[in-house]
Amino acid sequence: MLTNPVLDTVLFYLFALLVLGGGILTITRHNAVHSAISLIVSLLGVAGLYLLQQAEFLFAVQIILYIGGIMLLFLFVIMLVNLDQAAKERQFNRQWLIALAAVAAVGAEVAIFIYKGKDSFHIAESAANILAPGVKNTEVLADSLFSEYLLPFEIASLLLLVAVVGSVVMAKKRI
Amino acid sequence: MHPISTVHYLALSAALLLIGTVGVLTRRNIVVILMSIELILNAVNINLIAFSHSLPPIEGHPNVGGQVFAIFVITDAVAEAAVGLGILIALFRNKETVLADEIDLLKW
Numbered sequence: 001m002l003t004n005p006v007l008d009t010v011l012f013y014l015f016a017l018l019v020l021g022g023g024i025l026t027i028t029r030h031n032a033v034h035s036a037i038s039l040i041v042s043l044l045g046v047a048g049l050y051l052l053q054q055a056e057f058l059f060a061v062q063i064i065l066y067i068g069g070i071m072l073l074f075l076f077v078i079m080l081v082n083l084d085q086a087a088k089e090r091q092f093n094r095q096w097l098i099a100l101a102a103v104a105a106v107g108a109e110v111a112i113f114i115y116k117g118k119d120s121f122h123i124a125e126s127a128a129n130i131l132a133p134g135v136k137n138t139e140v141l142a143d144s145l146f147s148e149y150l151l152p153f154e155i156a157s158l159l160l161l162v163a164v165v166g167s168v169v170m171a172k173k174r175i
Numbered sequence: 001m002h003p004i005s006t007v008h009y010l011a012l013s014a015a016l017l018l019i020g021t022v023g024v025l026t027r028r029n030i031v032v033i034l035m036s037i038e039l040i041l042n043a044v045n046i047n048l049i050a051f052s053h054s055l056p057p058i059e060g061h062p063n064v065g066g067q068v069f070a071i072f073v074i075t076d077a078v079a080e081a082a083v084g085l086g087i088l089i090a091l092f093r094n095k096e097t098v099l100a101d102e103i104d105l106l107k108w
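For the record, the sequence lines run as chains W and V. Per our numbering, the first sequence runs over residues 1 to 175. Per our numbering, the second sequence runs over residues 1 to 108.
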């Protein structure tokens, strides 16, 4: 599968714009429903990035599970708890200045790390796109998930069971 | 134009992580705080996929360890959202508020 580098670059910046723009709108909108819609845009951008890196299975999972499942849950809860009152009040807490300073410090730290270490990532371009013909992403992923990572897979299913029971118990009026 | 390398993905992921952290630290509405946590988890996933893509293949098969881990991260995100929203509903029923700084039962 040959890819066009110019097209890849353009698509990357398009999806990056979706991701960051959606993220910024998510944390700045007053209305929680608008936040949720912006988050969906951001998650769609992330799904596009998965597709750019030949992670087709995760692209499908991102759209079906994240956007179809989790965001639906969020919207349900937003409609269930009455947020009209909350939308009129102050949206940011009193510590926002300290919080921004702390985040800026962490950001500077991460930026220095990435800048100093950027030469170690040169294998990226050479190793990219070496997919043997006939080998599909989902197939390889399933092979790995059900052999190498079988125990974590089972533990994850247990975690989901606990989460389902736990959320039902939490949301029930009387147990 | 430079070709897109792993560093581009790392920078994007760091930016998304910081946006999510700002959301968690500054917003009062619990629903938006939970959404910001989803943003942070997605930043982690972008990192994992980028590293998975950049690793050399093993015996002709592409290295998908990072993608498997991304699946586990998504599983965790689902569990976290379900339990978090369940707690939020219980909280709203008892305290009639969804603002994080008005829930101060454990404060002195």
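The beta-carbon is built from N, C-alpha and C at its ideal position, and this holds for glycine as well. What you are looking at is a predicted structure, and each value in this text was computed from that prediction instead of being measured.
Find out if the Cβ-Cβ distance for the pair I39/V, L16/V is shorter than 8 Å. In the second sequence, the residue the question calls residue 39/V occupies position 39. In the second sequence, the residue the question calls residue 16/V occupies position 16. Per the sequence shown, residue 39/V should be read as Leu rather than Ile. In this structure, L16/V lies closer than 8 Å to L39/V by Cβ.
Does any residue of chain V have a CB that is nearer than 8 Å to the CB of S42/W? Position 42 of the first sequence, counted from the first residue, corresponds to residue 42/W. Judged by the 8 Å Cβ criterion, S42/W is in contact with chain V.
With N63/V and P56/V assumed to form a contact (beta carbons below 8 Å), what rounded beta-carbon distance in angstroms separates them? Reading the second sequence from its first residue, position 63 is the one you call residue 63/V. Reading the second sequence from its first residue, position 56 is the one you call residue 56/V. Confirmed, about 7 Å.
Min CB distance A101/W to chain V below 8 Å: For the purposes of this step, residue 101/W is identified with residue 101 of the first sequence, where counting begins at 1. So no, A101/W is outside the interface.
So is L12/V buried or exposed if we call it buried at 16+ other beta carbons inside 10 Å? In the second sequence, the residue the question calls residue 12/V occupies position 12. With 16 or more other Cβ atoms within 10 Å, it is buried.
Spatial neighbours of A50/V within its chain, please: CB distance less than 6 Å, with the 5 preceding and 5 following residues excluded, ordered by chain position. As a first step, residue 50/V is located in the second sequence; it is residue number 50 there, counting from the start. For A50/V, where only same-chain residues beyond five positions count, the Cβ hits under 6 Å are T6, Y9.
Helix, strand or coil, according to DSSP, for F58/V in the structure here? Translated into the one-based positions of the second sequence, residue 58/V becomes position 58. According to the sequence provided, residue 58/V is Ile. The question's Phe does not apply to it. The answer is strand: DSSP assigns I58/V an E or B state.
Indicate the three-state DSSP secondary structure (helix, strand or coil) for L184/V in the structure shown. Beyond the ends of chain V as shown, which are 1 and 108, falls residue 184/V; an answer cannot be given.
I need the straight-line Cα distance from I64/W to W108/V, nearest angstrom please. Taking the first residue of the first sequence as 1, we reach residue 64/W at position 64. Taking the first residue of the second sequence as 1, we reach residue 108/V at position 108. The straight-line gap from Cα to Cα measures roughly 44 Å.
Span separating the alpha-carbon of V19/W from that of A47/W: Here the question's residue 19/W lines up with position 19 in the first sequence. Here the question's residue 47/W lines up with position 47 in the first sequence. Distance between the alpha carbons of V19/W and A47/W: 9 Å.
Using a Cβ cut-off of 8 Å (strictly closer), state whether N42/V contacts chain W. Residue numbering aside, residue 42/V sits at position 42 when the second sequence is read from its first letter. It does; some Cβ of chain W falls within 8 Å.
Euclidean distance between Cα positions of V164/W and E80/V: If you number the first sequence from 1, residue 164/W lands on position 164. If you number the second sequence from 1, residue 80/V lands on position 80. About 10 Å.
Distance between beta carbons of L88/V and V77/W, contact taken as under 8 Å: By 1-based counting over the first sequence, the position of residue 77/W is 77. By 1-based counting over the second sequence, the position of residue 88/V is 88. With 8 Å as the limit, V77/W and L88/V qualify as a contact, their Cβ atoms being about 6 Å apart.
Should the stretch 60-75 of chain W be regarded as contacting the stretch 89-109 of chain W, the criterion being three or more beta carbon pairs within less than 8 Å? no
Counting only beta-carbon separations shorter than 8 Å, does D101/V have a partner in chain W? As a working note, residue 101/V is residue 101 in the second sequence. It does: the Cβ of D101/V has a partner Cβ on chain W nearer than 8 Å.
From L18/V, L48/V, V22/V, N94/V, residue whose alpha carbon lies closest to that of Q67/V: Counted from its first residue, the second sequence places residue 67/V at position 67. Checked all of L18/V, L48/V, V22/V, N94/V; the closest Cα to Q67/V is L48/V.
Beta-carbon separation of N29/V and A101/W under 8 Å? Taking the second sequence and counting its residues from 1, the one referred to as residue 29/V is at position 29. Taking the first sequence and counting its residues from 1, the one referred to as residue 101/W is at position 101. No; because the gap between Cβ atoms is not below 8 Å, this pair is not in contact.
Own chain partners of R27/V with C-beta closer than 8 Å, once the 5 adjacent residues on each side are dropped: Stepping through the second sequence from its first residue, residue 27/V is reached at position 27. Once the five neighbours on either side are set aside, the close Cβ partners of R27/V are I33, S36, A100.
Ordered along the chain, which non-local residues of its own chain (more than five positions away) have a Cβ less than 7 Å from that of F12/W? Within the first sequence, the letter at position 12 stands for residue 12/W. Contacts found: L52.
Determine, using beta carbons only, whether I87/V comes closer than 8 Å to chain W. As a position in the second sequence, residue 87/V is number 87, starting the count at 1. It does: the Cβ of I87/V has a partner Cβ on chain W nearer than 8 Å.
Strictly below 8 Å CB to CB, what residues from chain V border E89/W? By 1-based counting over the first sequence, the position of residue 89/W is 89. The answer, in chain order, is R28, L99.
Backbone CA spacing between N137/W and V41/W [nearest angstrom]: If you number the first sequence from 1, residue 137/W lands on position 137. If you number the first sequence from 1, residue 41/W lands on position 41. Whole-angstrom Cα-Cα distance: 25 Å.
Indicate the three-state DSSP secondary structure (helix, strand or coil) for L99/V in the structure shown. The residue you call residue 99/V lines up with position 99 of the second sequence. Strand, per DSSP.
Which one or two residues does DSSP pair with F92/W in a beta bridge? Position 92 of the first sequence holds residue 92/W. Answer is R27/V.
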